[in-house]
Structure formats: C-alpha cells, structure tokens
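Working notes, structure below.
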Amino acid sequence: MNRFKTLMGAAAVLGAALISGQAAAFDLGIVAFQMSAETHARCSNTAEARAKEFGWDTQVLNSNGSLQTHAEQIENLIQKKVDGMVLCMSKPVQFDAQFQDAKDAGIPVITISSGSSPHTLFDVQPNEFVVGAEAAVYLLGTIDFEGGILAQRFESNAGARIRGIMLDVVLAENPTVTVVGSHSMARTKSWQDDVRNGMSALILQKAGQYKGIWASFDGQAFIIDDLLIESGMKKGDVSLVSIDGGQEVFRRIKSPDSMMTATVAVPLEDMATAAVDSMKAIAVDGKKKEEMVAGPYLFKPAILVDANNVDQYLN
Amino acid sequence: MIPKHAIEKYGTLFAGLVLFAFLMVFAENFASTANLLNVLKQVSFLMVLSIGFTFALIASELDLSFANVCSLSAVVIGSLMQAAYPWPLAVSAGLAMGLFAGLLNGYLVTYLKVPSLISTLGTASVANGLAFMITGGVAFVGRWDPDFLFLGRGKIGPVPVIILFTLAIVALSFFLSTQTKTGIHLQATGENEEAARRSGINTRKSKILGLALSGLAAGLTAVFLVANLSSAAPQMAGDFLLNGIAATLLGMTMFTPAKPNILGTIVGALIIVVLSNGLVLLGAQYYIQDIMLGIIIVASVAVSASVLKRAAFAL
Amino acid sequence: MPVKISTRNIYKNYGAVEALRGVSIDIHEGEVHAICGDNGAGKSTLIKVLAGVEMPDRGEVVIDGAPCRFTTPTESLKAGLATIHQDLAVAARMSIYENIFMGAELTKNVLGIRMLDKKKMRQDAAGYMSQLNKSITDMNIKVEELSGGQRQAVAICRALRWNANIVILDEPTAALGVRETEQVLELVRSLKQSGKTVILISHSMKDVVAVADRVSILRNGQNQIDLLAADLSADRLSHYILSGEVEQVQA
C-alpha cells in the first residue's frame, strides 16, 4: 500500500511539473481520434507545431480510437475552458452533444476530415469522394481500362469506405475492367497481419489475372508492395495505386524496386495548418467565420503524386 | 501511529483523496460544479461495467469478455434503433444480449468445466465476430429518438440522468453483495468453493450468477454508451477492458484488502476517471494518461495478485 | 448407548478400483468412534459417502433406525450429519461468523426484503464459540488470523449451527502442532460432553487412543476390526492396522 502512495505522490509531482510554466497564452486543445494511425498523428502533430509557432499553449489528446474516450476528452477540454479546439478525424453525429456543449460554452471548434456539424465552425477536408475518384480513374488508366485488378478494402473507416465506393462507381462505368479478387480488412490491432494474409493468398491464387492493384490507404499498399517484391515482381509488372501520401509512399514511388505507382496525397499538413491559421484569424484576430469560410467545408485539394512529380514532394 | 490494517484498508482511498485535493488546488476549474458533474457522468460507464466484472470476480471467475459483450450489445441496440424499432425494444434486446452472454459464460464454466479465463476469451471472440457480422464493420449512426438519447445525454436540472441511473445501480449492487444471502454465497463460492459447496451453497448457481451479472452490466453500459453517442460500432467498448479491470484491481486494494468488493471498485473507477479528467485540466499530453493507467494497474496487481491468479488459473 | 448411525454393507467402485467392499459399522450415540486404516484403506471414500459427496453403489446408511440416501451434501447436513474436513472446512478470508453461518445465514425482514441479520449471527456465533473456545470473542476476525486449532473450532461451530447430532472430523489434527492438537482433542471432548456423536478419522494413533470410545480399522475397503478403545495403546493400535490381526476381538 505504501508503494501505491509513493506512486500517487509521484503523480502529484508530475502534475505540478506539467502545470508550471503555463502563461495566459491562447489555450488550444487538439484531439486526434486514433494516434496509432499515421494520418491522425500527422494531422495532430502539424496542428500542434503550428500552434506552437504562434506561442500558444497546446495540449494534444489521443482517443485511442474509442468513441466514448473521444467524447470525454472533448468534455474535459470544455471543462478546462480552452480557448479553441482542433479535432482530427472526429465524427459529427456521434459527438453532436459535445459539439453543442462546446458551442454553448463559447469555444470555437474546427474539425479536420470529420464531416460538418451545425455546432462547429467548419470542417477542413480534401473531399474523400474526389480523392477516391482520382485514384480509381488513375489506376484504370494505367491498365488501359482493360483486364483484372485486385482490391484491398477497409469498410470500418468512413473515408476508406467512400474511396471504395468511388472505385465501384468508376468500375461501373468501365465494365471491361473486373475485380478478380477483393479482400476486406478487419479493424483490429493486428490489421497488418490481416492484410498480409488476405492479400498474399489473392496474389498467389490470381497470379497472371490482374494488372493493377487498388488499396484503400497507403499503409495497406506498403504491405502489398512488400508481398509483390517477395514474389519476385519488378517495377512495371503491375501498377499499385493508393491514397494518403507521406514520405514512405513517395520513397517507394521513386524506388526502382517498388511496385508503388501513384498515390493521391491528402494534404494533411496543409489542412492542419489551415485549421490552426483559421482558428487564429477567428478567435484571436477577431475575423468573422464567414469571411474565412462561408460554408460548412474548407476543401484542400489532394495531389496525385506519381513518377512525374514525386521529386517535388520527396524530402 | 496509524495501525497497519487501517493503512491496508484505507490507504488507496486516502491516496485518492490526496489526488482529489491536489487537483482541487492545482487544476483550474476541477472543483467547479459543472466539472464534478462531468466527472460523475464520465465515470458512470466505467463504474457499471466494472461492477459487473467485480461480481464475477467475487465468485472467483474472471470475465474477460465484458468489453466485447458490451460492444455486441451496443451493436444490437444500434441495429434496432437504425431500423426504427421502438427504443424500449432496442434497450431490452441489448440487455438481453448481455445477460445471455453472461449466462453462456456461466454455462461454459459450470457445466462444461472450461476455466473462465478460456471460456470468456472464447465468448469475447465470438461477440466480436458477431458485432462485425451485424454491422459489416460500419458503425450505426443516426439522429435517433430523443427519448432514447435522453437515457445517455439527458439532464434533470443540471444533473445528467445517467448519474442517477448509476447511483441506483451502485446502491443495488452494494446491497446485493453485502446485505443478502445471495451476495455472501457469491463470496463464499469465490473464497472456498469446496467449503461453500459442502455447506450446502449452490456454488454452480453462484458462479452463473456472477458471470450473468457481469454480462448484464455490459448490456446496461451498452445502453448508456449508445444513447450517449447516438451511434454503435463493433469495438466501441474495447477500451473499457483494461480500465474496467484496473478499476476492480484498484478496488481490491481497499476496504477488504485483496478481495474484490463493490465499494472498492466504485472508488477505483472514480480514481481512474478523476485522474484522466484531472490530467486534461492540468494540460498533460496524451501519453501521460496511458503511462499513469499502466502504473495504476501494475501497482494494484502487486497488492492483490493472488486473487487474480486464483480466478485466472482456477487454483 | 443405542446405535445412532450405521453403515450397512457399503460398496463403492471407481472404475476398476474397489474402494469400499462391504463396510458395516455401528456407531453408538454420544460416543467418539474412531475410524483408522492405512492410506487407501477406504477411509476418505467412506466419509464422502456419509457426507453426501459420493453415492454408494450398494448398501445404505441408517440413522436412528431409518435408512437414508444422500445425493448432495445438503441432504446429509439436513439429516443431522456434519462433516468437517481439515483443509476444506473454512474460507480463510471470511470472518468467523460468516464461516459459522456459511450456507445457513440468518436473515431478517426489512420492508419486505430479506436482509442478512449480521448482528444476530455475530451474537449466536459467539454463543457457539463460547462452548468450545472461550478465548475467541470477536466474531469479525478473519479466520486466516486464527491458529489451526482455533480454525477447527470455527469449523465445529458450523456443525453446531446446523444442529448436527453427528459430527465427522476428517483428520482434524493433521498438520497441527502439539499445543494446537491438544486444543482440538479438547474440542472433541466438549462435543462428546454436549451429547454429540463424533466420528473421528485420524492417522494419529495417539490422538485416537486419547479420545475415542471405539475404533474401527479399515483394510482393503472392509472394516476388519472393531474394538473398544479403553486400555488400548497407540503401539497396539498401530500393530493392528499394519497386521490386520487382533488377538482377541472385542464386541
């Protein structure tokens, strides 16, 4: 029991250390829905970095993919009386009550890739429908709108699901292309294994029947790319197209060993920066929300990155 | 000089009070009525869920399925709400689902003699699979019947109704476990099954009851979660597994040391939620929270490991 | 003294193992009747049959002249037979009174709800305990804090609580020190004094000759020897158990 008290004491010291040095600067709360996903981390890290440039106090929270935790973290930030909130990959309907509370407490909320809510200022996003359509059309172009493709889907995530729907829309218009194999990823902690098992089976089983592979996000594409390399394929044998962006995928597009053909890079850094900049303009500089973003969305177009322009983005 | 047994019994409670006092002084807005009500609302979910786990553990059965069963119940409720069934039906179905899973665990443990560590892991996996089957991985989200949402979001005056429900559940559970024959039989079964059986206690009934209560609590928590978030997803209660166990273990460090007890679990849940609320108000970054929770678990297991081992390995 | 309880020609097999092969013992009211025998002689199986834990394949138990058949421990208890096992008797982390009233808790009606009557249980428990061990007065103490002899007292109190007329003590002194053993033997004498019939299973010849009125020796699942314990020495008894022979069988 004494050990326990010691720990509690340590917690107290830790807490005291954390609050010291707090000034009366603008207090921004940033919540990422699931930091273990790279896109969520990129979003919150960029927002945090930008806020620090302004000299703001920033606090980053991670909801670990739990809806209830996310709701509680928003509630706690409201109780903390933060001056503003930026939420990465939040959800408008589920957290309607919390958004309403924030609005009632006079706390401006800007969301990123979350969907619009009447209680938040606006949502910054690339428009997943556009992103999905771009990737699908590009992939079909690389195989001259003919033959088979493999698809790696992910239904549990709204954005990834929309990308899949857009693939289906593009396919509907191009019946000469058929999906010869499709695997849907389960949302588990070991999703990497799930993708690896599912796709390695399809790659073997359907060998020779496909010229292109579509993946709902880049993380999946990396695993597929490694499988293809292991199976002895060379660049150009198949085209592999996915969505998200980031240094790893750019490196693969550039690499002569990788099958990675193109990605539609979601400009998360631009989006997060824009969210924080808008927050400053509205909450600090006193600009009207309508002057910044008239409607519910601030669209930040995604950029298709392939061999042509990869050097521009690769650091 | 404080007697040793007083430290054993009340040390953790004292540490909790120190934490509370610390936050009152150092965490701005912590002691506001609004925030205290906020904390009580937030603790409701964890409290009800971990009370269920405690009942099973009192009978010396380890229920590792409660979080997944809670998610499954949530999905059942969500699917019926989405299909526009009357909400009392959806709520009943969710409770029935939880109760059924608990009874199933009880059957596996007492009739098929599968140790609870294994049988509840099996149930957890089945529940997870069913939740994905029902949803296809996609969350149910909607703007559902306000009467239903009232169960999770409603307030009477400034007091969230969920706090009132939880108070009732806590009172009932405390009464059942300490003031009734059923409760003491549960305890006797957990403490010395053979002695209990030979004293004429129906130990099989006790074990089934403990696990059934755990399932029912999971169903109840599902109702609160779904109504609070107006949505249901296949792993929405996943985070509660660790927190629920932590609350119970923490509870085992007080009042009746090394024995699972309802009062201890209540205080344990409060400490965990107060800590997570307090850390946000103190401005702590997200990873601090995980680190603190880990420390609490290890520390409380160090104090009360023997019981857990007995339950886990049916020694 | 009249015969209180008899076993009549009891058989019990576990698969190919014949644990009991026709055990017939008469136990007289108000006496301490010891049952001895080497390991595997059938002692524990006989106890299980009496306690309702195992059902015999053949034969019957007769109490006060009436044949009984126990399918559960509860039925045995209700027939006035309480069995106290050395290891299994108590829940160490529960209090004395909770142990004494285990499975037969007292309740009271509060607004139509049956609540535990803890006050009455504590009082009654103290009453039972005072018959056996006057040094223990706080019924809230956890059994794990008691000595081995005191724990046996708690277990015996439970038998008293059941109003058992027949108390079976299964190896009550095993793993106890000299002083604690003496305490337990004193408990056995108190039980006898209060008119209970005691069946004592023990490995300790010294204990048996110290308190028993009669002794039955089991060998290979049968009661081979039944004799009065008066003037019996521990050495003699050992000899009988090992050899299975006795110079002069007494009734």
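For the record, the sequence lines run as chains V, S and B. According to my numbering, the residues represented by the first sequence are 4 to 318, in order. According to my numbering, the residues represented by the second sequence are 13 to 327, in order. According to my numbering, the residues represented by the third sequence are -4 to 246, in order. We put the CB at the ideal spot given by N, CA and C, even for glycine.
Each of Ile168/V, Trp59/V, Gly87/V and Phe36/V was checked against the Cα of Asn65/V, and the nearest Cα belongs to Phe36/V.
By the neighbour-count criterion, in which a residue is buried when 16 or more other Cβ atoms sit within 10 angstroms of its Cβ, Val310/S is exposed. For Tyr298/S, the nearest beta carbon of chain V is closer than 8 Å to its own beta carbon. Looking at the backbone, the Cα of Ala150/B and that of Ile161/B are separated by about 14 Å.
In chain order, Glu41 place their CB closer than 7 Å to the CB of Gly222/V, counting only its own chain and leaving out the 5 sequence neighbours on each side. Boundaries around Lys(-1)/B are those of the beta strand (DSSP E), Val(-2) to Tyr9, since no alpha helix (DSSP H) includes it. If you compare the alpha carbons of Leu223/S, Ala207/S and Leu161/S with that of Ala102/S, the shortest gap goes to Leu161/S. Assignment of Ile274/S by DSSP, reduced to helix, strand and coil, places it in the helix class.
Around Ala148/B, no beta-carbon contact reaches into chain S at under 7 Å, the shortest distance being about 15 Å.
DSSP places Ala296/S outside both helix and strand once states are collapsed to three, so it counts as coil. Here the alpha carbon of Val150/S sits roughly 14 Å from the alpha carbon of Val96/V. Think of a sphere of 7 Å around the beta carbon of Phe144/S: the chain V residues whose beta carbon falls inside it are Ala189, in chain order. Neighbourhood of Ser69/V in chain S, by CB distance below 9 Å: Gln247, Met248, Ala249, Gly250, Asp251 and Phe252, in chain order. Chain S has no Cβ within less than 8 Å of the Cβ of Val140/V. Interface annotation, Thr192/S: in contact with chain B, CB-CB separation under 8 Å. Within the stretch 102 to 185 of chain S, the complete alpha helix (DSSP H) segments of 4 residues or longer fall at 128 to 147 and 158 to 165, listed in chain order.
The beta carbon of Phe253/V is closer than 6 Å to those of Val313, Tyr316 and Leu317 in its chain, skipping five residues each way along the sequence. Of all residues in the stretch 257 to 276 of chain S, those with a C-beta nearer than 9 Å to a C-beta of chain B are Thr268, Ala270 and Lys271, reading in chain order. By the Cβ criterion, the stretch 125 to 144 of chain B is not in contact with the stretch 46 to 54 of chain B, since fewer than three pairs of Cβ atoms, one from each stretch, lie closer than 8 Å. The residue from Ile168/V, Gly215/V, Ile165/V and Gly298/V with its alpha-carbon nearest to that of Thr181/V is Gly215/V.
For Ile70/S, the uninterrupted alpha helix (DSSP H) run begins and ends at Thr45 to Ile70, by DSSP. Counting only runs of 3+ residues, the beta strand (DSSP E) found wholly inside the stretch 170 to 231 of chain B occupies 192 to 196, 209 to 214 and 217 to 223, in chain order. Chain-order list of chain S residues neighbouring Val172/V: empty, with the shortest C-beta distance near 18 Å, by a criterion of under 8 Å. At a C-beta separation below 7 Å, Ala100/V has these neighbours in chain S: Arg165.
With at least 16 other beta carbons inside 10 angstroms of its own, Arg156/V counts as buried.
Sequence-ordered contacts of the stretch 226 to 239 of chain S with chain V read Leu237 [C-beta pairs closer than 7 Å].
Residue environment: His17/S is assigned as exposed (fewer than 16 neighbouring CB atoms within 10 Å of its CB, all protein chains considered). Along the stretch 151 to 162 of chain V, going in chain order, the ones with a CB nearer than 7 Å to a CB of chain S are Glu158 and Ser159. At least one C-beta of chain V is nearer than 8 Å to the C-beta of Arg155/S. The criterion of a C-beta distance shorter than 8 Å is satisfied by Val279/V and Arg53/V.
Closer than 7 Å at the C-beta level to chain S, one finds these residues of the stretch 71 to 92 of chain V: Gln71, Thr72, Ala74, Glu75, Gln76, Glu78, Asn79, Leu80, Gln82, Lys83 and Lys84.
Legend: CB atoms of the stretch 191 to 216 of chain V lying less than 7 Å from CB atoms of chain S are not found in any residue.
Neighbours of Arg209/S in chain B, taken as residues at a C-beta separation under 8 Å, are given in chain order as Pro68.
Beta-bridge partners assigned by DSSP to Arg156/V: Ser187/V.
Secondary structure note for Pro68/B: its alpha helix (DSSP H) is the uninterrupted segment Pro68 to Lys73.
Under the DSSP definition of a beta bridge, Phe125/V partners with Ile113/V.
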